[in-house]
Amino acid sequence: MEQFRRPARIPAGHVSPDAPARLRVGVVGAGRVGAVLGAALAAAGHEVVAAAGLSAASRDRAQRLLPGVPLLPTDEVVAAADLVVLAVPDDALPGLVAGLAETGGWRRGQLAFHTSGAHGLAVLAPAADAGVLGLALHPAMTFSGGPEDVDRLAGSPFGVTSRPEHRAVAETVVLEMGGEPFWVAEGDRVLYHAALVTGANHLVTLVAEAADLLRAAGVDEPARVLRPLLTAALDNGLRRGDAGLTGPVSRGDVGTVAGHVAALADRAPDAVAGYVAMARRTTERARAAGRLKAHEAQPLTDLLDDVQVPR
1 MEQFRRPARI PAGHVSPDAP ARLRVGVVGA GRVGAVLGAA LAAAGHEVVA AAGLSAASRD
61 RAQRLLPGVP LLPTDEVVAA ADLVVLAVPD DALPGLVAGL AETGGWRRGQ LAFHTSGAHG
121 LAVLAPAADA GVLGLALHPA MTFSGGPEDV DRLAGSPFGV TSRPEHRAVA ETVVLEMGGE
181 PFWVAEGDRV LYHAALVTGA NHLVTLVAEA ADLLRAAGVD EPARVLRPLL TAALDNGLRR
241 GDAGLTGPVS RGDVGTVAGH VAALADRAPD AVAGYVAMAR RTTERARAAG RLKAHEAQPL
301 TDLLDDVQVP R
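Numbering follows UniProt numbering, in which position 38 of the sequence shown is assigned residue number 38; successive positions increment by one, without gaps.
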């Protein structure tokens, strides 16, 4: 992936590989991501003409972020739009794109982008065959559905994949939404997305797990204890990588790790598997980074290999 870069603005005009115009926008999937991106495009001067959303939460979110925009069936949203935002779950995207192609829903000259991190351009092939200019624009940001999501979009990195001749269009759309584009090759999309899931989604699980364990240990306000610790740990990890590692594994403290495993098995058996998996991976990374010598790492590995994980 290349460094973040800010390309020159593209003058307004008609929809083409060289210059996106002020466009009529249709949002398919007015969920946590789609409604926010629709609002950002409206703020950039585009006209959001329709949106599709099935759940009550989507309808409420659209009413709040896209006031006055009608909620219509998906095919009608696509028919009304010059720019179609496809903000649907990863597994639903291929069928949606192909289904619209089979029913003649796509129109030559339209611009469409999806927000899936795991998919690239291949999933848009049925639309491209119908003459649609397709882009993969993934905001590398977590959206919770709250009012803070709009502010979070400003300056957010976007993983961009497009055909080379459409790259300026892709980057300009991202910039208009307030994001910062960076390039992800088609063949790297799944690995890119796995990296973000590891760093963000799994992080939430780890934090929630740590908070639960603190409550079990009698700590009434886990967030108060965890916030400064986790903030410092995140900063260390981002700035120093494996060199920022602290704790018993990095010191080779086998007895401490064994005590943790025993306490978890007794008090929180569901947490044993996660602890062992992360301790094993931490041992491997500490060994590879030179934080642990082979003779220090081996007893940890032996201990962790012998743990009977509750089922």
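In this text, a Cβ means the ideal position worked out from N, Cα and C, and glycines have one as well.
- In this structure, V307 places its C-beta atom within 8 Å of the C-beta atom of V276.
- Residues L135, V160 and S162 of the same chain have their beta carbon placed closer than 6 Å to that of A170, with the five preceding and five following residues left out of the count.
- CA-CA distance, G290 to V28, rounds to 49 Å.
- Note that the region 99-119 does not touch the region 42-54; fewer than 3 beta-carbon pairs, one per stretch, sit closer than 8 Å.
- The Cβ atoms of V33 and F143 sit closer than 8 Å to each other.
- Going by beta carbons, L133 and T115 fall outside the 8 Å limit.
- Taking a contact to require three or more Cβ pairs closer than 8 Å, the region 114-128 and the region 191-207 qualify as touching.
- Taken through DSSP and simplified to helix, strand or coil, H114 comes out as strand.
- Taking 8 Å as the cut-off, the beta carbon of D75 is found closer than this to the beta carbon of G105.
- The continuous alpha helix (DSSP H) containing H295 extends over residues A294 to D306.
- Judged by their CB atoms, A80 and R24 are nearer to each other than the 8 Å cut-off.
- Only buried fits A50, as 16 or more other CB atoms lie within 10 angstroms of its CB.
- When the five nearest sequence neighbours on each side are left out, the beta carbons in the same chain lying within less than 6 Å of the beta carbon of E176 are those of A44, in order along the chain.
- Sequence-distant partners of R285 (beyond 5 residues in either direction) whose C-beta falls short of 7 Å from its own C-beta, in its chain, are D242.
- H138 has G159 as its beta-bridge partners, per DSSP.
- Note that the region 266-273 does not touch the region 219-238; fewer than 3 beta-carbon pairs, one per stretch, sit closer than 8 Å.
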